[in-house]
Structures are given as structure tokens and as C-alpha cells.
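Participant: Sharing a structure here in C-alpha cells format.
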Amino acid sequence: MCSTTASVIIDLSKAANALRNGQLVAFPTETVYGLGADATSSAAVARIFEAKQRPSFDPLIVHIASQQQLPQVVQIFPDVARRLADHFWPGPLTMVLPRSASIPDLVTSGLPGVGVRIPAHPIARKLLELTDRPIAAPSANPFGRISPTTTAHVLQGLGDRIDFVVEGGPCGVGLESTVISLMQEQPLLLRHGGIPLESIEQIVGTIAVAVPNSSADDAAQPAPGMLSRHYAPRKPLILLPHEARAIPVSGQKCGLLTESTRTWDDGFSQILLLHSDTNPDIGVRLQTCAANFFAMMRALDSADLDVIIAHEFPEVGLGRALNDRLRRAAAGSRHAS
Ligand code: TXA
Ligand code: MG
Numbered sequence: 021m022c023s024t025t026a027s028v029i030i031d032l033s034k035a036a037n038a039l040r041n042g043q044l045v046a047f048p049t050e051t052v053y054g055l056g057a058d059a060t061s062s063a064a065v066a067r068i069f070e071a072k073q074r075p076s077f078d079p080l081i082v083h084i085a086s087q088q089q090l091p092q093v094v095q096i097f098p099d100v101a102r103r104l105a106d107h108f109w110p111g112p113l114t115m116v117l118p119r120s121a122s123i124p125d126l127v128t129s130g131l132p133g134v135g136v137r138i139p140a141h142p143i144a145r146k147l148l149e150l151t152d153r154p155i156a157a158p159s160a161n162p163f164g165r166i167s168p169t170t171t172a173h174v175l176q177g178l179g180d181r182i183d184f185v186v187e188g189g190p191c192g193v194g195l196e197s198t199v200i201s202l203m204q205e206q207p208l209l210l211r212h213g214g215i216p217l218e219s220i221e222q223i224v225g226t227i228a229v230a231v232p233n234s235s236a237d238d239a240a241q242p243a244p245g246m247l248s249r250h251y252a253p254r255k256p257l258i259l260l261p262h263e264a265r266a267i268p269v270s271g272q273k274c275g276l277l278t279e280s281t282r283t284w285d286d287g288f289s290q291i292l293l294l295h296s297d298t299n300p301d302i303g304v305r306l307q308t309c310a311a312n313f314f315a316m317m318r319a320l321d322s323a324d325l326d327v328i329i330a331h332e333f334p335e336v337g338l339g340r341a342l343n344d345r346l347r348r349a350a351a352g353s354r355h356a357s
């Protein structure tokens, strides 16, 4: 732990030097803020796990500035990866591929595959270029909690455990990258995220989606990171089907998080609308929801409320990733029913 609070900086050379010296630097990406460390240094990567209190069975994504750096991270880059990269990089897509020898075991939790992505955020890209090393970066939040989309969120969760936070304003996408494993013949979707499943299937055809095993403990899931409880607020969270009528719990101060503009009864202490968009295109509305989702969940979690009620999203496009975050946020909640 650092004894002082992390400095918020805009000087990317300073941030790059800190990374090259094994320090922890949180930085903006288009999805969420990442907690970066030199991916080629086990000691630096170990500090990520310690700061986040992350279990060592959950591997980290490695970020690079351009495809030229791929040989430092992966052994092979098959044709299907190339097609996906051509369409979605730089951007919110992570591909799991056979790792190169220079990536330490700690990064992949000992697995043969490494997750790699080229982020689109201009600050992230510049920082990666200046650092000139692959950078391991999970979301910059304490393990299991809500992902950060501003520097203030990063400081709230990890301010006394890291060295620097690079200022970059709010993240535009607002949900983490889509994770696809290419470790077998058929691509396998491990996590819904910022690139919708439908967009990926337009490039590579229908793909399988890994299903979490609800009876397995977290270390024994079909893929790491499929933890049943994650992205979690501290307050109890109740989910409602999309457009079901929301009724406050009597005797409790209730907050409502919704993208619906018409389906609730009186009596909520606070209502946060994820979009106020009249755009008829559901894809555009869901993009706005995604950009606001984690910040609004945090706002309700820190408001004077007893319980949060949230509407699920339509199960299309970014709605799948939003529903995944909502369901895991509600798992284990005292009121989850
Ligand atoms: O958008 C994002 O992906 C953000 C930004 C900072 O890039 N990063 C992020 O990292 O969300 P994290 O650690 O919070 O989530 C990474 C997910 C985890 O579920 C992890 O288990 C999975 O990716 N993952 C990483 N490496 C993997 C590997 N080698 N095999 C299977 N899954 C992997
Ligand atoms: Mg995370």
C-alpha cells in the first residue's frame, strides 16, 4: 500500500516512466479505467493483485499500442483473429490467444492463453506507445466491486494503493471489453462487453457463448472470471424484467435504475434514468445506457437509500452485457429475488 493518495496527472511521459519502473498507474480506456502495470514484470503485476485484492486464479488482460507489438505477447495470430482485429481494433475486444514466453505466469494465472487488446482511447494509446511495453490492466476497482468510469471512482476505490491516475474524463463506452477465446478451433465468447455479440457474428459467423456453472465455486468455472457475484454495489439490489412495473418496497427507501420511461409507481426516493434519449434506434439508446450504467449504479449505492431496484435490459446488442453486469451485481444480494 502507498502511504499517500495517488496523484492525478496528465503528463503521459511521467506515467510511462512510472510504468517502466514497476509502478501502478491507472489510466482511461474507452471502456473503463484500467489499473496498469508492466506486463513483462512479475513484481509489477503482483502489485496489481495486491492492490485490487484479486484472487490469483483470475488472469489479466494485456494492452498493446499496435499490432506490431503482438509478437511480444502471443505466439500465433490466426486468420480469425486477424479478421476480428481488422474490424474491432483499436476497440473494446479482447482476444485470448496462445501466450508468448515473455508473459509471466502471474498474468495468465498459469493458463496457456493470454487476453490481449488494443484500446481505442487516445490517452491509453499514447501511454502505451510511450511506455513501449505490453501493459497488464484489469479494471481499476477493488475486486468484485463496481468498475470505474472516472478518475474520482478510481480514487474512491484504490486511491491509497496505487501511484498515479491519468486524467481522461468519463469513459465513452462505459462497459468492459468483450472477451473471446481463440484457444480452440471454434471461437468462444467468455464475456459480453462493448462489442455486441451480433457484430462479432457478422464477421466470424455464429459463435458459442460460455455459460457459467452456478453450482461451481468461483475457481472452478469453465473460464476464469465467470464469478457469480461481481460488479457489486454494497446495497441490496432487486432486478425486474424489462418493462415490468416497478413498485417500491414498503417501509424502505428505494432507488430505481431504469431505461424505461414509464413503468413505475410513486414512492421511489430517487429515480435515475439511464437515458433521456428519444432516438428510436435501440442500439443508440443502449449505448447511452452503457455509458451511464456504472456511474449511476455508484450514485445510487452512495445515496441515502435502503435498496436499489433495477430494470433488466432487452437481451439484444449491448443489452446482453448490461444484463450480465446487472445479474452478477445482484447475485448474493440479500434481496435478490
Ligand atoms: O475493457 C476491459 O477489458 C478493461 C480495460 C481496462 O481494458 N479491463 C478489464 O479487465 O475489464 P478485468 O481484469 O476487470 O476483466 C478481464 C476479464 C476477466 O473476466 C478475466 O478472467 C478475463 O478477462 N481474462 C483475462 N485473461 C484471460 C485469459 N487468459 N483466459 C481467459 N479469460 C481471461
Ligand atoms: Mg473487472
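Our numbering puts the first residue of the sequence shown at 21, with every later residue one more than the last. Glycine included, C-beta positions come from ideal geometry on N, C-alpha and C.
(1) Given 6 Å as the limit, tell me if S159 has its C-beta closer than that to any heavy atom belonging to the ligand MG.
(2) Ends of the alpha helix (DSSP H) at F69?
(3) Taking the C-alpha atoms as reference points, what is the distance between G287 and P75?
(4) Threshold first: 4 residues or longer. Then list the alpha helix (DSSP H) segments lying entirely within the stretch 86 to 167, N to C.
(5) What are the boundary residues of the alpha helix (DSSP H) that includes C309?
(6) To the nearest angstrom, report how far apart H141 and T49 are at their CA atoms.
(7) Measuring CB to CB, does Y251 end up less than 7 Å from P168?
(8) Could you give the C-beta distance for L117 and V134, rounded to a whole number, given that I count them as a contact under 8 Å?
(9) Nearest-angstrom Cα distance between S201 and L209?
(10) Pull the bridge partners of V199 from the DSSP assignment, please.
(11) In chain order, what are the residue ranges of uninterrupted beta strand (DSSP E) at least 3 long that sit wholly in the stretch 262 to 308?
(12) How big is the Cα-Cα spacing for P216 and G337?
(13) Could you tell me whether the Cβ atoms of D326 and Q290 are closer together than 7 Å?
(14) What is the residue span of the alpha helix (DSSP H) that H3 lies within?
(15) Just checking: is the beta-carbon of I68 within a distance shorter than 7 Å of some beta-carbon in chain B?
Facilitator: Quick answer:
(1) In the sequence shown, counting from the first residue as 1, residue 159 sits at position 139. For S159, the shortest separation between its Cβ and any heavy atom of the ligand MG lies below 6 Å.
(2) The residue you call residue 69 lines up with position 49 of the sequence shown. Counting along the chain, the alpha helix (DSSP H) containing F69 begins and ends at S62 to K72.
(3) Along the sequence shown, one-based indexing puts residue 287 at 267. Along the sequence shown, one-based indexing puts residue 75 at 55. Between the alpha carbons of G287 and P75 lies a gap of roughly 41 Å.
(4) 90 to 93, 99 to 108, 125 to 128 and 142 to 151
(5) Against the sequence shown, residue 309 aligns to sequence position 289. Run containing C309: I302 to S322, per the alpha helix (DSSP H) assignment.
(6) Indexing the sequence shown from 1 puts residue 141 at position 121. Indexing the sequence shown from 1 puts residue 49 at position 29. Approximately 5 Å, taken between the alpha carbons.
(7) Reading the sequence shown from its first residue, position 231 is the one you call residue 251. Reading the sequence shown from its first residue, position 148 is the one you call residue 168. Going by C-beta atoms, Y251 is not nearer than 7 Å to P168.
(8) Indexing the sequence shown from 1 puts residue 117 at position 97. Indexing the sequence shown from 1 puts residue 134 at position 114. So it is a contact: roughly 7 Å between Cβ atoms.
(9) Position 181 of the sequence shown holds residue 201. Position 189 of the sequence shown holds residue 209. In a straight line, the C-alpha of S201 is about 6 Å away from that of L209.
(10) Taking the sequence shown and counting its residues from 1, the one referred to as residue 199 is at position 179. Paired residues: T114 and R211.
(11) 274 to 278 and 290 to 293
(12) Start at 1 with the first residue of the sequence shown, and residue 216 comes out as number 196. Start at 1 with the first residue of the sequence shown, and residue 337 comes out as number 317. Rounded to whole angstroms, P216 to G337 spans 5 Å at the Cα level.
(13) Here residue 326 is taken as the residue at index 306 of the sequence shown, counted from 1. Here residue 290 is taken as the residue at index 270 of the sequence shown, counted from 1. Not closer than 7 Å, so no.
(14) With the chain running from 21 to 357 in the structure shown, residue 3 is simply not present.
(15) In summary, chain B is missing from the structure at hand, where a single protein chain is found.
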